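Here the sequence shown is numbered in this note's numbering, starting from 33 and rising by one per residue.
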Amino acid sequence: MISKRIALKLMIGLLSVVLIFHLCVLFEIISYKIVWAGKLKSKEEMYVFEAVSILINFFLIIVLYIKFQNIKKSETNRIINIIIWVFVLLFALNTLGNLFAENLIEQILGTLLTFISATLCWIIVKKKNKRNANNV
């Protein structure tokens with residue numbers, strides 16, 4: 033099992049790549065037709081969805097950075113943990129949704145990405161047991 037610190041670094045790195053991807057969609061470097069399960073009908077709709085996605089990803093990066101700082105100081109923050117648990121649930125549900133995407137690339141990569149994200153967030157927020165006490 034990987035440590036919380038490694039999981040945090042991986043998750044922040046992964047979210048940074050996802051953020052760059054969504055910026056590429058927003059600036060039409062990548063077609064919006066291959067994201068959001070192929071359901072977007074217009075550029076205006078894409079702008080709204082991508083803006084929200086970018087804000088959420090940026091928010092999660094900030095939350096994970098705070099969690100990383102808390103771990104370094106051996107502190108806990110209940111609100112930060114609750115937010116990360118919410119993201120565990122959202123990524124798990126999104127994994128199921130990506131299985132039904134119309135675009136095969138999104139179906140495969142999206143499912144893999146959200147599954148990895150759910151798993152990393154779970155590692156980050158789960159309570160350590162006595163056997164894994166040194167795994168902080």
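Beta carbons are placed, not taken as given, at the ideal position from N, Cα and C, and that holds for glycine.
Quick caveat: nothing in here was measured; it's all calculated off a predicted structure.
Could you spell out where the alpha helix (DSSP H) holding residue i opens and where it closes?
{"i": "I157", "result": "Reading the sequence as shown, one finds Val at residue 157 and not Ile. Taken as a continuous stretch (DSSP letters only), the alpha helix (DSSP H) holding V157 covers T143 to V157."}
{"i": "M78", "result": "K75 to K104"}
Is DSSP giving residue i helix, strand or coil here?
{"i": "N164", "result": "Below a pLDDT of 50, predicted positions are generally treated as unreliable, and N164, at 48, falls in that range; the measurement from the model is reported next regardless. Of the three classes helix, strand and coil, the one that applies to N164 here is helix, per DSSP."}
{"i": "S48", "result": "helix"}
{"i": "N109", "result": "coil"}
{"i": "A39", "result": "helix"}
{"i": "N135", "result": "coil"}
{"i": "K71", "result": "coil"}
{"i": "I140", "result": "helix"}
{"i": "I115", "result": "helix"}
{"i": "F59", "result": "coil"}
{"i": "M33", "result": "coil"}
Measuring alpha carbon to alpha carbon, tell me which residue in the options is nearest residue i.
{"i": "I115", "options": "I66, I88, I34 and K41", "result": "I88"}
{"i": "T118", "options": "I140, L92 and A83", "result": "Reading the sequence as shown, one finds Val at residue 118 and not Thr. Ranking the options by Cα distance to V118, first place goes to L92."}
{"i": "F53", "options": "T146, N102, E107 and E82", "result": "E82"}
{"i": "V157", "options": "I86, K75, Y79 and I98", "result": "I98"}
Touch test, the stretch 33-46 against the stretch 144-152, Cβ-Cβ under 8 Å, three pairs minimum: Touching, yes.
At least 3 beta-carbon pairs within less than 8 Å: the stretch 131-138 vs the stretch 63-80: Yes, the stretch 131-138 touches the stretch 63-80.
Three-pair Cβ contact test at 8 Å for the stretch 109-126 versus the stretch 50-60: No: fewer than three Cβ pairs fall under 8 Å.
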